[in-house]
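Student:
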Amino acid sequence: MARLTYHSAVKPCRGQFVSGDATLLLEQNDGVMAVICDGLGHGRPAFEVSRAVNAWVEKQTTRDPEALVLGLHEVLKGSIGAAVGMAWINTTTMALRYAGIGNTVGKIFGGRERSLISRPGTLGIAVASVRVQEDVLSPGDFLVLHTDGISSNFTLVDYPMMLHDKAETATGEIMRRFGKDYDDSSCIVVKCSND
Ligand SMILES: [Mn+2]
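Start counting the sequence shown at -4; every next residue gets the next number (our numbering).
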């Protein structure tokens, strides 16, 4: 039976002690929620916004990405705003639902590489529309969510061993190989495997 393993990492921009990026991985009931967040700017104000995103998502009962994104947009009004990408994966069916607003990246590497599409905007400031993208993870697939502090155009050619690595190793390698020094960076890797 297929199962999920996952890992995340966050690193502050050079010269900062706190990160404006945050990640959240929640295993609940029949699924796993993965949220990646980039509070606008750097330092303490960005840190506070992304912390508020995590705190709010954690206490919600719905795991519907569209409802959560729209709810966050209301919660963040008056703040500096944030880019957020979130995926809910059903651990029985491996069905995935993704919604994102702003400049975060979602990709699935594996037998077939595909991108998860975020809509333009900034949560708390302006959101034109939300679209939920659906997919299904198969054993061997790696769901990768990251912020713009990681180069968005890396491929398996740049990291050929990824599909053989554990989620934890892949997270560290992506941060190390493709992270930018002068931006907060964060990454989530969710691996679907058969073992
Ligand atoms: Mn950023």
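Don't be surprised by glycine CBs; every beta carbon is placed ideally from N, CA and C. Treat the numbers as computed from the prediction; the structure is a model and nothing was measured.
Leaving out the 5 sequence neighbours to the left and right, which residues in its chain are closer than 6 Å to D143 when beta-carbon positions are compared?
Tutor: For D143, where only same-chain residues beyond five positions count, the Cβ hits under 6 Å are N98.
Student: Which full runs of the alpha helix (DSSP H) of 4+ residues lie inside the segment 34 to 76, going along the chain?
Tutor: Counting only runs of 4 or more, we get 38 to 54 and 60 to 70.
Student: Spatial neighbours of E61 within its chain, please: CB distance less than 6 Å, with the 5 preceding and 5 following residues excluded, ordered by chain position.
Tutor: Excluding residues within five positions, the ones whose Cβ falls inside 6 Å are A94, V125 and V127.
Student: Pick from S188, F42 and G66: whose alpha carbon is nearest that of E53?
Tutor: Of the candidates S188, F42 and G66, the one whose C-alpha sits nearest the C-alpha of E53 is G66.
Student: Report the partner residues of Q128 according to the DSSP bridge assignment.
Tutor: Answer by DSSP bridge pairing, in chain order: Y93.
Student: For I169, collect the residues of the same chain with a Cβ closer than 6 Å to its Cβ; drop the 5 residues on either side in sequence, then sort them by chain order.
Tutor: C182, listed in sequence order.
Student: Got a sec? Which residues, its chain only, sit under 8 Å from V122 by beta carbon, not counting five neighbours each side?
Tutor: Closer than 8 Å at the Cβ level, and outside the excluded window around V122, lie V64, L65, H68, I96, R114 and G116.
Student: Can you tell me whether R172 is helix, strand or coil according to DSSP?
Tutor: Three-state DSSP puts R172 in a helix.
Student: Is any heavy atom of ligand 1 found at a distance shorter than 7 Å from the C-beta of G66?
Tutor: No, the beta carbon of G66 sits no closer than 7 Å to any heavy atom of ligand 1.
Student: Is it a yes or a no for the segment 102 to 109 touching the segment 34 to 51, going by three-plus beta-carbon pairs under 8 Å?
Tutor: These segments do not touch.
Student: Quick one: residues in its chain with C-beta nearer than 6 Å to the C-beta of N49, no 5 flanking neighbours on either side, listed in chain order?
Tutor: A17 and L19, listed in sequence order.
Student: Can you tell me whether A82 is helix, strand or coil according to DSSP?
Tutor: Strand at A82.
Student: Comparing alpha-carbon positions, which option in R46, T57, M156 and E163 lies nearest Q23?
Tutor: Considering only alpha carbons, the answer is T57.
Student: Specify, as a first and last residue, the run of the beta strand (DSSP E) that S188 falls within.
Tutor: Counting along the chain, the beta strand (DSSP E) containing S188 begins and ends at S180 to S188.
Student: Use the C-beta contact count for L151: other C-beta atoms within 10 angstroms, 16 or more gives buried, fewer gives exposed.
Tutor: So L151 ends up on the exposed side.
Student: Just checking: is the beta-carbon of R46 within a distance shorter than 8 Å of some beta-carbon in chain B?
Tutor: Within the model displayed, chain B is absent; a lone protein chain is all it includes.
Student: Find the nearest neighbour of L111 within the set W51, L91 and L118, judged by alpha-carbon distance.
Tutor: L111 has its Cα closest to that of L91, out of W51, L91 and L118.
Student: Determine the contact status of C187 and M89, defining contact as a CB-CB distance below 8 Å.
Tutor: Closer than 8 Å, so yes.
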